[in-house]
Amino acid sequence: MNGKSDRIMISKYTTLTGAEEDQRLDVQNSVLLHFDRDVYDNVFRKKDCPAILDVGCGTGNMIQKMLEGIASYKLIGVDKVERQIHIAEKTHTSGRFLTLDVEQEDFASLIRPVMEEEGIGGFDVINCSMVVLHMQNPIGALSRLRTLLAPNGTVVVRDIDDGLQYAWPDPERRFEKLFMMLEKDDRTGDRHCGRKIYSYLTNAGFQNIQLNKAGLASTSLKDKMLLFDLAIPALLHQYEQRHLDAPDNIQWKKDFEWFRDNIVAMKASFGKEDFIFSAGFMNFTAE
Ligand SMILES: C[S@@+](CC[C@H](N)C(=O)[O-])C[C@H]1O[C@@H](n2cnc3c(N)ncnc32)[C@H](O)[C@@H]1O
821 MNGKSDRIMI SKYTTLTGAE EDQRLDVQNS VLLHFDRDVY DNVFRKKDCP AILDVGCGTG
881 NMIQKMLEGI ASYKLIGVDK VERQIHIAEK THTSGRFLTL DVEQEDFASL IRPVMEEEGI
941 GGFDVINCSM VVLHMQNPIG ALSRLRTLLA PNGTVVVRDI DDGLQYAWPD PERRFEKLFM
1001 MLEKDDRTGD RHCGRKIYSY LTNAGFQNIQ LNKAGLASTS LKDKMLLFDL AIPALLHQYE
1061 QRHLDAPDNI QWKKDFEWFR DNIVAMKASF GKEDFIFSAG FMNFTAE
């Protein structure tokens, strides 16, 4: 890896993969565990031994964390990046992991034989955590996924919307500037995806659509520092990487240098008693 992240094109967006991205996702998952664990628990416990499809499973760590305490289940994880699937296979013995692109027209026909082998007629839970934001045609993919649900099965969509992101007080307007930089950065998918999920699910034919959570903010010092760890250092790394990849791009150089010079002050804000930060995570379920 040479300390660099691989970059791959995912639809119209670029996403980051590689060891640093895996690490960032692990921090994200430990923070988000408290955000929507109850939602996952409820859907997993609707049935004994639920059949679960994890779409965009990455290294498999997210779903495994959520499944802790669930006695028995059948899990299939799919991700379009082979490297992620290899890690998932090595790390987790309880599950079957496949390199598959859910946006492929023939996704359903490719996964059905595997479902048959596993004795799965339809999935009781289909999980899409932080993956719809990377899709080119979310309605198409969600429509295909709907055909794979068992009767009374549930899809869970966890996604992000930067419209729910804020930081206050921000006297030097550092966070305002950072949020504006992110707004212009298309490497991390559609950062306004959260607001579109309800419409995507409706148009993909889902029913009983529930918005369970919208925005993750905390006032406790410990949780605020976790939110800092979740939201900020990995971004600095991404801006550094972008600058190193294109050293002649003056704007990207400026963005990185500004970020590097301000990150300590930003961290100090998270440690202040009167400071609040909200990250724009959202969680939906539908049938
Ligand atoms: C931000 S990561 C989220 C990983 C994990 N679900 C989590 O919540 O920690 C997005 C993952 O979705 C995968 N992905 C993106 N588009 C996909 C597609 N069309 N089909 C399958 N996987 C996809 C990426 O390769 C990446 O591993």
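Numbering-wise, the sequence shown is residues 821 to 1107 according to our numbering.
All residues carry an ideal CB built from backbone N, CA and C; glycine is no exception.
Same chain only: Cβ atoms within 6 Å of residue i, ignoring 5 sequence neighbours per side
| i | result |
| --- | --- |
| Phe864 | Pro870, Ile890 |
| Lys1044 | Ser1038, Phe1090 |
| Leu998 | none |
| Ala1054 | Arg844 |
| Ile884 | Reading off the sequence shown, one finds Gln at residue 884, where the question assumed Ile. Here the set comprises His912. |
| Arg916 | Ile896 |
| Tyr1059 | Asp1075, Phe1076, Phe1079 |
| Asn822 | Its pLDDT being 34, under 50, Asn822 is placed unreliably by the model, and nothing is read from it. |
| Asn1069 | none |
| Val945 | Val863, Pro870, Ile872, Thr974 |
| Lys900 | Asp921 |
Proximal residues to residue i (C-beta, below 8 Å), its chain only, five neighbours per side dropped
| i | result |
| --- | --- |
| Gln1027 | Ala1106, Glu1107 |
| Ala1085 | Glu992, Arg994 |
| His857 | Reading off the sequence shown, one finds Arg at residue 857, where the question assumed His. Once the five neighbours on either side are set aside, the close Cβ partners of Arg857 are Met886. |
| Met829 | Note on Met829: pLDDT 33, under 50, position unreliable in the model; the coordinate value appears next. For Met829, where only same-chain residues beyond five positions count, there are no Cβ hits under 8 Å. |
| Ile1083 | Ile1052, Pro1053, Leu1056 |
| Lys894 | Cys869, Pro870, Ala871, Ile872, Glu938, Gly939, Ile940 |
| Ser892 | Asp868, Cys869 |
Residue i to residue j span [Cα, whole Å]
| i | j | result |
| --- | --- | --- |
| Leu1002 | Leu853 | 24 Å |
| Ala970 | Gly942 | 4 Å |
| Ile1052 | Glu936 | 43 Å |
| Phe1101 | Leu962 | 19 Å |
| Ile896 | Cys1013 | 25 Å |
| Lys1092 | Glu992 | 15 Å |
| Gly973 | Asn947 | 11 Å |
| Asp874 | Thr1008 | 20 Å |
| Arg1062 | His954 | 19 Å |
| Ser949 | Asn862 | 16 Å |
| Leu1050 | Ser850 | 9 Å |
| Gln1030 | Asp1065 | 42 Å |
| Gly960 | Asp1094 | 44 Å |
| Lys1073 | Glu996 | 19 Å |
| Leu1041 | Ile1096 | 10 Å |
| Asp1010 | Asn1023 | 18 Å |
| Lys1016 | Val934 | 31 Å |
| Met882 | Glu888 | 10 Å |
| Val847 | Phe1048 | 10 Å |
| Asp982 | Met1000 | 10 Å |
Same chain only: Cβ atoms within 7 Å of residue i, ignoring 5 sequence neighbours per side
| i | result |
| --- | --- |
| Thr879 | Asp842, Gln904, Ile907, Ala908, Thr911 |
| Tyr860 | Met886, Val976 |
| Leu1036 | Phe855, Ser1098, Ala1099, Phe1101 |
| Ala928 | Arg964, Thr967, Leu968 |
| Thr913 | none |
| Gly1025 | Ser963, Arg966 |
| Pro958 | Val952, Tyr1020 |
Short CB-CB distance (under 9 Å) between residue i and chain B
| i | result |
| --- | --- |
| Leu1047 | Of the protein chains in the structure, only one exists, and it is not chain B. |
Inter-stretch contact (C-beta, 8 Å, three-pair minimum) for the stretch 918-930 and the stretch 970-990: no
Complete beta strand (DSSP E) runs within the stretch 936-1010 (minimum length 3 residues, chain order): You should have 943-949, 969-980, 986-988.
Uninterrupted beta strand (DSSP E) stretches inside the stretch 1026-1078 (no shorter than 3 residues): For the stretch 1026-1078, whole beta strand (DSSP E) runs of length 3 or above, ordered along the chain, are 1030-1038.
Whole beta strand (DSSP E) elements within the stretch 842-882, 3-residue minimum: 871-875
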